[in-house]
Every structure is written in structure tokens, then in C-alpha cells.
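This report concerns only the one structure given below.
Number of protein chains: 2
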Amino acid sequence: MIEVEVKARAQKDTADKIIGLGAVLLGTESHHDLYFNSPLRDFKDSDEALRIRIKEDGARLTYKGPKLDRKTKSRKELTVKIDDPLEMGAILSSLGFVLSAEVRKCRTKYSYDDVVIALDEVEGLGSFLELEARGEADWGLQAKKVLDLLKSLDLGESIRSSYLELLAEKLQDNAGI
Amino acid sequence: MIEVEVKARAQKDTADKIIGLGAVLLGTESHHDLYFNSPLRDFKDSDEALRIRIKEDGARLTYKGPKLDRKTKSRKELTVKIDDPLEMGAILSSLGFVLSAEVRKCRTKYSYDDVVIALDEVEGLGSFLELEARGEADWGLQAKKVLDLLKSLDLGESIRSSYLELLAEKLQDNAGI
Numbered sequence: 020m021i022e023v024e025v026k027a028r029a030q031k032d033t034a035d036k037i038i039g040l041g042a043v044l045l046g047t048e049s050h051h052d053l054y055f056n057s058p059l060r061d062f063k064d065s066d067e068a069l070r071i072r073i074k075e076d077g078a079r080l081t082y083k084g085p086k087l088d089r090k091t092k093s094r095k096e097l098t099v100k101i102d103d104p105l106e107m108g109a110i111l112s113s114l115g116f117v118l119s120a121e122v123r124k125c126r127t128k129y130s131y132d133d134v135v136i137a138l139d140e141v142e143g144l145g146s147f148l149e150l151e152a153r154g155e156a157d158w159g160l161q162a163k164k165v166l167d168l169l170k171s172l173d174l175g176e177s178i179r180s181s182y183l184e185l186l187a188e189k190l191q192d193n194a195g196i
Numbered sequence: 020m021i022e023v024e025v026k027a028r029a030q031k032d033t034a035d036k037i038i039g040l041g042a043v044l045l046g047t048e049s050h051h052d053l054y055f056n057s058p059l060r061d062f063k064d065s066d067e068a069l070r071i072r073i074k075e076d077g078a079r080l081t082y083k084g085p086k087l088d089r090k091t092k093s094r095k096e097l098t099v100k101i102d103d104p105l106e107m108g109a110i111l112s113s114l115g116f117v118l119s120a121e122v123r124k125c126r127t128k129y130s131y132d133d134v135v136i137a138l139d140e141v142e143g144l145g146s147f148l149e150l151e152a153r154g155e156a157d158w159g160l161q162a163k164k165v166l167d168l169l170k171s172l173d174l175g176e177s178i179r180s181s182y183l184e185l186l187a188e189k190l191q192d193n194a195g196i
């Protein structure tokens, strides 16, 4: 599965603009994400991610491969649903993986033209919009679709950094590094 | 969770002897086990195991730590239920783990005095009995309990090798190594 995804900082009127497009509200979710780093290679350098996400409907383990292009956040994504996130964390620790960060956010999801629009309130970072299309093929076309949608919502440049990277940057800024 | 486990080769009359003890038949299961090795350390040397088990009631990922004593197969065991064993295998591969073996067996389970008795028909290896007690504490007492039970079933020496190790030994024997 290839995930085609773009992200940008949201503005105060972004939710209204999404509704204005005719997008359908899918619901809201709270995410508690635990990120792990590998003992083999630093995932910051290899542009990979390993995450346990805990939300209302259960927990999942997700691996994300390196990004496939320079404009979007498209990448290979593999996910399994798990019944016990703490036990999964203990397995990863036993295998040498190290808990590197936690991210908490509230996500409001909309659907529009086969794209999932996620408006995120991220603890410590603020509001962001993520647009995501999924599929096995034609990811060039899907990338164009999400970039056009981003433009029609009057948002600025897309951000390729993950929340994990943005939080790390903020911590560095706060520490005056 | 500490798993206290002993194993021995089963004999033709072992099933009858288990019933004779007054053990309760719990049911039969088919197991398809996929074992993975770590890119960091050879699990054969470190005495660890990472396994995806697929059975009728779903799939699980299990990590087993090194054995804790010389008589039993007692060890730390961590398990999560997963909804998609193939996707889990793909995540492990992406993280550098390598599929090292597959084991298929039919297991008949009994319960007796808080011990689970498993009579296994292992593809390519034959019949074995595994006795397992679980708990957070008192594993010395539990180890005694399963060893006494093994004795009362008139079985020979306990085997500390896993099916994985026994299959590897058999392959080596067949190859005349």
C-alpha cells in the first residue's frame, strides 16, 4: 500500500473551507502515538518510522518506509491491528527498539473525492491539515489530486516533516540549540 | 509473564495416560508458525525467538527471551494478537528481520492441575508432549509441578530444544553434516 500524503499548517478558517468544498465529516479521533527507533539504523537518517498508535477503536503497529518523492509525504505503509499496545512496546524493547517520542493529537476527519482530509490539533505544535489518498497504483495522479486540493484550500507550502520531526525541531529551538 | 514449560517425546499410549490422570480435553488446534531471526544477533546463539503463529482463532506475534534455567524451557514470553500475519511479516522484514523457518503442527490440549498439557504432532518430527504452567511468581514451584507431572506420565528425559532447533538438527542429519 502506498500512502500519498501532504501536510500544511492549518488556518482559523480551514475547517469552514473544508465544509465549503462539500467534504463529508467522518468523525473525530484522539491519537496517542509511541515512536520507536531502530538499533540498526537511525530512522531520522533513513526516513523510516515505527509507531504504535492508540485510539478509541483500538491500537495499531505501523511501519513507514522512506518518502518516495520530494513534494509529498508518499511512502510505503504497513499496518497491523494489535490487541495490546503495552505488550507490543515490550516486544519492540526486547528486540532492541527504543521508545524515542510520544505525540498526542485530536484529529477531525473528512472525506472528499476519495481523499481523506485530517484536521489535527497536535499537543505542543498547533493545527495542521493532512490530505491522504491511498492505493496500489497511479500514485503520481493521486499526488497531483492531493496537491491541487491543498491549493484550493488556500493553504501555504506543504510541509514534509512529520509531527515527530516538528516536535524535535521545537525542542531544539526552545533549548536555543 | 514467565512461561514454565517442559517437553518430551510422546509415546503411543501417552494420550491414554493423560486421560487416565483425569485431565480435561480442551480441544485441538492447527499451528502454522513463522520464525524470524534478528539482524542484530543470531537468536540461535542468544536463545531468543520471534514467531508469528497462525491458528484457527487468529494470529499472534510472540517474543520469547532466553531460558531461565537448565531443566525446563522457562522463559519470558510476550504475545500480542494481530489481525494480519502477512502484514506483520512484511513489517518485520522491513525492520531487517529474516524469515528463518516454518513449523506446522496439530496440537491437542488438555488441562490438569493448572498445567496445560499439549500433545503435538509436528510435521516432519513426530509426536511430543509439552507441559506448561504460567504465572508472574513462584516459577520454581511451577517448574517442580510440571517436572513431576512429566514423570508421572512415564516419559523420558525432557528436551530443551525447540521444534525449530529439532527441525534444524534433522535437516543437518539428513544432509549428513
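For the protein sequence lines, the chains are A and B, in the order given.
To get the numbering used here, take the position in the first sequence, counting from 1, and add 19.
To get the numbering used here, take the position in the second sequence, counting from 1, and add 19.
All C-beta atoms, glycine included, are put in the ideal place defined by N, C-alpha and C.
Keep in mind that this is a model prediction, so the values were computed, not measured.
- Within the model, the alpha-carbon separation for residue 172 of chain A versus residue 36 of chain A is close to 6 Å.
- Listed in chain order, the non-local C-beta contacts of residue 133 of chain A below 7 Å within the same chain comprise 152, local neighbours out to five positions each way being set aside.
- Chain-order list of chain B residues neighbouring residue 109 of chain A: 97, by C-beta distance under 7 Å.
- Counted as a single uninterrupted DSSP element, the stretch harbouring residue 58 of chain B is not any beta strand (DSSP E), since DSSP gives it neither H nor E.
- In the DSSP assignment, residue 108 of chain A falls within the alpha helix (DSSP H) that extends over 104-113.
- The C-alpha of residue 185 of chain B lies about 27 Å from the C-alpha of residue 38 of chain B.
- DSSP places residue 171 of chain A inside the alpha helix (DSSP H), whose first and last residues are 158-171.
- In the DSSP annotation of this structure, residue 178 of chain B is not part of any beta strand (DSSP E), being labelled neither H nor E.
- Against chain B, the beta carbon of residue 82 of chain A has neighbours under 7 Å at 110, 113 and 114, listed in chain order.
- In this chain, the beta strand (DSSP E) harbouring residue 120 of chain A covers 117-131.
- Around residue 103 of chain B, the beta-carbon contacts reaching into chain A at under 7 Å are 99.
- Measuring C-alpha to C-alpha distances from residue 135 of chain B to each of B:120, B:112, B:118 and B:164 identifies B:164 as the nearest.
- In this structure residue 194 of chain A is exposed. Its beta-carbon is surrounded by fewer than 16 other beta-carbon atoms within 10 angstroms.
- Secondary structure note for residue 100 of chain A: its beta strand (DSSP E) is the uninterrupted segment 94-101.
- For residue 69 of chain A, at least one C-beta of chain B is nearer than 8 Å to its own C-beta.
- When rounded, the separation of the alpha-carbon atoms in residue 30 of chain A and residue 115 of chain B is 41 Å.
- Judged by DSSP in its simplified three-state form, residue 143 of chain A adopts coil rather than helix or strand.
- Nearest to residue 109 of chain A by C-alpha distance, out of B:99, B:111 and B:104, is B:99.
- Distance from the Cα of residue 157 of chain B is smallest, within the candidate group B:93, B:84 and B:52, for B:93.
- Between the stretch 140-149 of chain A and the stretch 56-64 of chain A, the count of Cβ pairs shorter than 8 Å is below three; the stretches do not touch.
- Of the candidates B:117, B:142, B:83 and B:123, the residue whose Cα lies closest to the Cα of residue 113 of chain A is B:83.
- Residue 106 of chain A has a beta carbon lying within less than 8 Å of a beta carbon in chain B.
- Under the 8 Å criterion on CB atoms, residue 58 of chain B is classed as interfacial with respect to chain A.
- Taken through DSSP and simplified to helix, strand or coil, residue 52 of chain A comes out as strand.
- A direct Cα-Cα distance of roughly 15 Å separates residue 81 of chain A from residue 119 of chain A.
- Setting aside the 5 residues that flank it on each side, residue 107 of chain B is surrounded in the same chain by 71, 78, 80 and 101, each with a C-beta closer than 8 Å to its C-beta; the list follows chain order.
- Within the model, the alpha-carbon separation for residue 33 of chain A versus residue 44 of chain A is close to 14 Å.
- In the three-state reduction of the DSSP assignment, residue 150 of chain B falls in the strand class.
- The DSSP-derived three-state label of residue 77 of chain A is strand.
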